[in-house]
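Its first residue numbered -13, the sequence shown is counted upward by one per residue in our numbering.
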Amino acid sequence: MKSFENIDVKSVKEAVGLLQKFQQQKKSAAVVGGGSEYLQLMKDRVVEPDYLLNLKSIPGLDYIKEERGGFRIGALAKLAEIEEHPAVREKLLILSDAAGEAASPQIRNAGTLAGNICQRPFCWYFRSSNFTCLRKGGNICYAVTGDGRFHAILGGGPSYITHPSDTAPALVALGAQIKIAGPAGERTIPLEKFFVLPQVDYSRENILKPNEIVTEIQVPYPKSGSKGFYHKVRERLAWDHAIVAVATVVQSSGGVVREARVVMGGVAPIPWRAPKAEEFLRGKKLDETAAQKAGEIALEGAKPLKDNVYKVKMAQDLIQRGLLASV
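Structure below.
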């Protein structure tokens, strides 16, 4: 691991100011909350920052506040706290479930919500020091001709990484927004617009600039008559990243869909929403046939690699299961 300087910042303003200063000095800097994932990247020499800004020293950035219309969750709120929070479990159950599916109990007690959303890919080519892949400044995504068992089947190219976050698909399904602080102040955008496809920029996963940080996630209450579902398929039962994950939120009345959201994880470089499937479901009675058809529509346009064709049927089946559980 390259030597670096750790700085315990005392405020969001200080963190943003330092990031801007180091950018002007052409020094590399990064921020950490829980730090577990980023530390591993440093050990693997995937990232080698000159400065590491510790956000844990900022007081009061780990809140979970229920207010009129929904929840405000601080960037440093621990995954375990979100999983176990009584009001979150009651009113945002799929977020609680998704947080509880992330990593191991030890990591959930240290890992933060913002860290989970901003994770880097868990592609073995990206993480290995033996490969200079496209995402690390090389010229090729090795998954195309190499081992692509767990890589993207939707939205891939020229890089075929999958987004590893458990909470992000659930939050997108819930219509969450994300607050970002930078030199120009704060801005709030739909979380769905936070992520970046490789066709736009294959070197990054989100729109954060080098001098910006995530400060808060805002999650509205689901509409009356809504029910949600989150589940992921993984290789190891103990804990692992999703091979395929599905988050659904369905608002229905008398078994007829008024509004639906279908978001997948583990199948694309971003949390992958299926708007055509959502539109198909609107106004229909949600039975097994409709749920199956929605799953098929959601996977239209899938372009699996040679080793991950199995993901298509797996995702279709999990969407069908999720929708039927959401009415």
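Using N, Cα and C, we set each Cβ at its ideal position, and we do this for glycine too.
Smallest Cα separation from residue i: which of the options?
i    : options                : result
S238 : G211, R259, V219       : G211
P257 : L267, D152, D187       : D152
D30  : M(-13), F136, G86      : M(-13)
K213 : L39, E67, G241, I126   : G241
P150 : A280, A85, Q92, A16    : A85
L157 : L120, L99, R54         : L99
V32  : K42, T275, R54, Y111   : Y111
I164 : G142, V200, A1         : V200
K292 : Q11, P45, D133, K7     : D133
V253 : Q278, V235, P290       : P290
G55  : V295, K209, L304, E286 : K209
Drop a sphere of 10 angstroms on the beta-carbon of residue i, count the other beta-carbons inside from all chains shown, and report buried for 16 or more, exposed for fewer.
i    : result
K297 : buried
A73  : exposed
L223 : exposed
A301 : buried
T131 : exposed
Any idea what DSSP makes of residue i, helix, strand or coil?
i      : result
K(-4)  : coil
S82    : helix
Y37    : strand
F(-10) : coil
A276   : helix
W225   : coil
K122   : helix
G142   : coil
I199   : strand
Considering only DSSP beta bridges, list what residue i is partnered with.
i    : result
N192 : F181
V295 : Paired residues: none, contrary to the question.
W258 : M250
V216 : The sequence given here places Tyr at residue 216; Val does not occur at that position. Y216 pairs with A233.
K51  : R58
E245 : Q237
*Check whether the stretch 221 to 230 touches the stretch 58 to 65, counting contact only when three or more Cβ pairs, one atom from each stretch, lie closer than 8 Å.*
no
_I'd like to know if the stretch -12 to 7 and the stretch 32 to 48 are in contact, where contact means that at least 3 CB-CB pairs between them fall below 8 Å._
yes
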